[in-house]
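Single-structure report; data block below.
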Amino acid sequence: MKRAIVFLTFIIICISGVLSLRERTLIANPIIPNYWVKQRSSNTNDFISFKILLKQRNLEKLNEYFWQVSDPKSSFYQEYLTKVEIDELIRPSSKTFKEVLGFLDQHDITISERTVFSDYILIETSAKKVEEMFDCQLVKYQNLKDGTSRLRLDGSASVPTELLDHIDFVIGLSEFFDHNLKIPHYDVKTNYDNSDLVTNDILITPQILKSYYQVPSDAKGTQSNNYQGIAAFTDYFSMGALQQFDKAYNIPAPNLTRNGTDCLDQGCDQYESDLDVQYMTAMAIGVPTIFMAHPNGAWILDYLQGVLLLSDPPLVQSISYGWAELSQCEVTDGCSVYGYNSVQYVQRCDVEFQKLGTMGVSVFVSDGDDGAPSLGGASGNCPMDHGTYCPTGCPHSTSLCSELTFEYTNNGTLCFFPMGIGADSCSNLLNDPSLQEVLNKFADANKKCKLAFETDRTNLPHVYSACECNQLNNITSNGITVGPYNFYAENGAIFTSEYPTSSPYVTSVGATQFLVSPPPHQNISQEVGASILTQAKITTGGGFSTFQPMPSYQQKAVQTYLSNQNNNIPPSYAFDSSMRAYPDIAFNGHNYNIYASTNQDDQDKCPCSALPVDGTSCSSPALAGLISLINDKLLANGKKPLGFLNPLLYQMAVDKPEAFNDITEGKNNCNRSYCCLYGYSAAEGWDSVSGWGSIVFDQFESYILDMQGIPH
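In mature numbering (1 follows the signal peptide of the UniProt record, and there is no 0), the protein residues as written are -20 to -1, 1 to 692.
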């Protein structure tokens, strides 16, 4: 699951009161991440592309339609709307178009420089015109990590106040979306020993998945209009690797269309997309597939708008990406003071997800690889389980105190180390040139504790101590105070929910793993929630949204889970039980065998090599491919596609529980390197580790075919 570390979304503040037409309102003053540095000011040769998102109308009506067409108990079930009908429903007022287009005319934005869509305007123009429009300065920034550059705001931007009644967002001027915390979980090698937990493993192939989940070996798609889609962000797949994968597993060449930016020659990652394409097409043989790649700087809203522009949007889509729900615009000082907030960004995206559902599209999203605590964007304010030290392999196997608190004395900024290394506060600390000196002084002040700062197989840090936390002495040096970690609820959330998997309008997919019997048989003995405690390279996500209310389709199931005292639920202050719970369902996500290019000159071609990968990124595309097979059968019989799956999914779990493999073991208190004291446990029925469990395909499909009156 790829993570977007810094994402500053350009959101408009609604200001009340009667103001003069000549007054302007500040709309952005972003904080620039410390690893983006100014190269130069903008010049006459600089051009930039951005979008003005207009105020949508009739959103309550769209919401009503969405639930009517998605609920199998509704008389309007699967009575989908067309894109044209949806556009007409939510189209901004004519006054909105007049005011915003008039604003563009005032700044000489020609017709050739703007494209007007149903609820936003795309503008591609010179930096000079943008600076005049928004009374701002643009500069070229360079990323010190990967060398890429980007034209973005330097300081504040504003618009005439009267436009605030007509504009929601302006995106494309201030984003610093970036893969800052890119931890590989594709490594074949491990340097740890959990033999007491797992005695053996099995390499996952398409045939093994189909056999275990009871998918007919001859299942394939036949309908030319049954598209499925894959989203990618700064990532691209290798055609050569796909061809070698297909050859290795005797899979027919897929009908595959590439859309978007090929970034392989720029050195972008390929493993994520190789995985997505290889397994989605392998599980849905014969189903036409669209690969939708997005360039550096794009995120979920860009993907959604792009999908909705397709003449035939894929009926099933898989997204293997996500980021902290409350960090969709990176809530920095700039965010909080000048109106950026994740709630607005998420709500706009959710409207786009509702559009897709109302058109009959199913969207599957990986639920994260870092358990309930998360890692990227997480506060780290989660008490670590000192009894489970460095499960991914360190020189020491135990530590009596494995978590510290660093505090900047000048402003009180806290870094909870190492649980919070994905937080901005810890990122700044780790880049502080005085850090090593501070650590040396802390170790000197606690010599009897034999402190050591160790790294695991993924190069993430761990703290070894021969002393209990209450035996460690605090020190202050170079403006930084270091001491043992103590939990205080006001210092940050214990858990961090991820978006878009936390959206009530998508199907959230968790990861499981197969436990197998010892050699020579290696039979699958059990399916459990994927965790680093059972030798997976990731821990499946799961939990509760921070601000998105729980939809009605899951209320009863979640309440049953929470009310069972045997389910080892985290303390009530750790989550809001009235919010959207996830995942909805699960699928194997451990030890998938994929192929990737090793060609240094052209990564679209072989030579290629095989390697095993882990992640909910495995689970979502593989499961989505199976849903495409069911859609294919529905279309072949003159029926409608499944659309938004969740109401049907939760109803099926009640009516036909044998359609699911109930996952009753596993927990997600760890992320991919550290274990918190708190997390969720798998249980009978729905749970926050595996949802309803994984599907038994033939039973799952037969329920749907019976409901539709299709003989089988």
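All C-beta atoms in this analysis are idealised placements derived from N, C-alpha and C, irrespective of residue type, glycine included.
Taking 8 Å as the limit between beta carbons, can you name the residues of its chain near residue i, skipping five residues before and five after?
i      : result
ILE101 : LYS31, ILE32, LEU34, VAL80, LEU81, LEU84, ARG94, THR95
THR389 : THR456, GLY459, ILE460, THR461
PRO441 : PHE397, PRO398, ILE401, PHE433, GLU434, THR435
ASN174 : Bear in mind that a pLDDT of 40 at ASN174, under 50, signals an unreliable position, so the model cannot answer this.
THR368 : LEU513, CYS650, CYS655
Please state the DSSP three-state secondary structure of residue i.
i        : result
PHE56    : coil
LYS78    : helix
MET559   : strand
MET219   : helix
SER597   : helix
SER98    : coil
MET260   : helix
ILE455   : strand
PRO186   : helix
ASP85    : helix
GLY367   : coil
ARG37    : coil
VAL139   : strand
MET687   : helix
ILE675   : strand
GLN528   : strand
GLN194   : coil
GLN203   : coil
ASP176   : Because the pLDDT of ASP176 is 42, which lies under 50, any placement of that residue in the model is unreliable, and the question is left without a value.
ALA604   : helix
ALA554   : helix
TYR658   : coil
ILE(-10) : The predicted model places ILE(-10) with a pLDDT of 38, which falls under 50 and marks its position as unreliable; any figure quoted below should be read in that light. If DSSP states are grouped into helix, strand and coil, ILE(-10) belongs with the strands.
MET113   : helix
ASN641   : strand
ASN546   : helix
Spatial neighbours of residue i within its chain, please: C-beta separation below 6 Å, excluding the five flanking residues on both sides.
i      : result
GLY402 : LEU161, LEU355, GLY356, GLY357, ALA358
LEU431 : ALA423, SER445
THR261 : PRO234, THR269
LYS647 : GLY659, SER661
GLU112 : HIS87
From the DSSP output, read off the bridge partner residues of residue i.
i           : result
PHE333      : The partner list for PHE333 (beta bridge, DSSP) is empty, contrary to what the question assumes.
residue 693 : It is not possible to answer for residue 693, since the shown part of the chain is limited to -20 through 692.
SER577      : CYS588
PHE386      : CYS395, VAL462
PRO232      : In DSSP, PRO232 forms no bridge with anything.
ASN651      : Looking at the DSSP assignment, ASN651 forms no beta bridge with any residue, so it has no partner.
SER73       : Bridge partners of SER73: none, in fact.
GLU104      : SER29
ILE151      : LYS31
ASP667      : GLY671
MET339      : MET339 pairs with nothing; no bridge assigned.
Just reading off the alpha helix (DSSP H) that residue i is part of, what are its end residues?
i      : result
ASN626 : 626 to 635
LYS421 : 415 to 424
THR435 : Here THR435 belongs to no alpha helix (DSSP H); instead the beta strand (DSSP E) covers 432 to 435.
LYS63  : 63 to 70
VAL345 : Per DSSP, VAL345 belongs to no alpha helix (DSSP H); it is in the beta strand (DSSP E), 342 to 346.
Closer than 7 Å by C-beta to residue i: which residues in its own chain qualify, once you throw out the five before and the five after it? Chain order, please.
i      : result
ILE70  : GLN36, ARG37, ASN38, LEU39, LEU42, ASP99
ILE270 : TYR207, GLY209, THR237, ASN239, PRO294
TYR654 : MET364, PRO398, MET399
PHE677 : TYR193, GLN194, VAL195, LEU606
SER405 : THR393, LEU394, CYS395
ALA469 : TYR553
MET530 : VAL538, SER558, MET559, ARG560, ALA561
ASN276 : THR128, THR214
THR170 : Residue placement at THR170 is flagged as unreliable, the pLDDT there being 39, under the threshold of 50; the coordinate-derived value follows with that caveat. Closer than 7 Å at the Cβ level, and outside the excluded window around THR170, lie GLY373, ARG437.
TYR479 : GLY302, TRP303, GLU305, GLN308, VAL326
Give a yes or no on whether 9 Å exceeds the smallest Cβ distance from residue i to chain D.
i    : result
ARG4 : The chain inventory of the structure shown lacks chain D, comprising one protein chain alone.
Which residues mark the beginning and the end of the beta strand (DSSP E) in which residue i is found?
i      : result
SER407 : Element bounds for SER407: not the beta strand (DSSP E) but the alpha helix (DSSP H), 404 to 410.
GLN19  : 16 to 21
ALA566 : 565 to 568
GLN535 : Element bounds for GLN535: not the beta strand (DSSP E) but the alpha helix (DSSP H), 535 to 543.
GLY618 : Where GLY618 is concerned, there is no enclosing beta strand (DSSP E), given that its DSSP letter is neither H nor E.
THR5   : 4 to 8
ILE210 : 208 to 213
TODO: Could I get the ranges of all uninterrupted beta strand (DSSP E) runs contained in the segment 274 to 305, with 3 residues as the minimum, in chain order?
DONE: Complete beta strand (DSSP E) runs here, min 3: 296 to 299.
- [ ] Please specify which runs of the alpha helix (DSSP H), each continuous and at least 4 residues long, are wholly inside the segment 434 to 518, giving them in chain order.
- [x] If we require 4 residues or more, the segment 434 to 518 turns out to have no alpha helix (DSSP H) run fully inside it.
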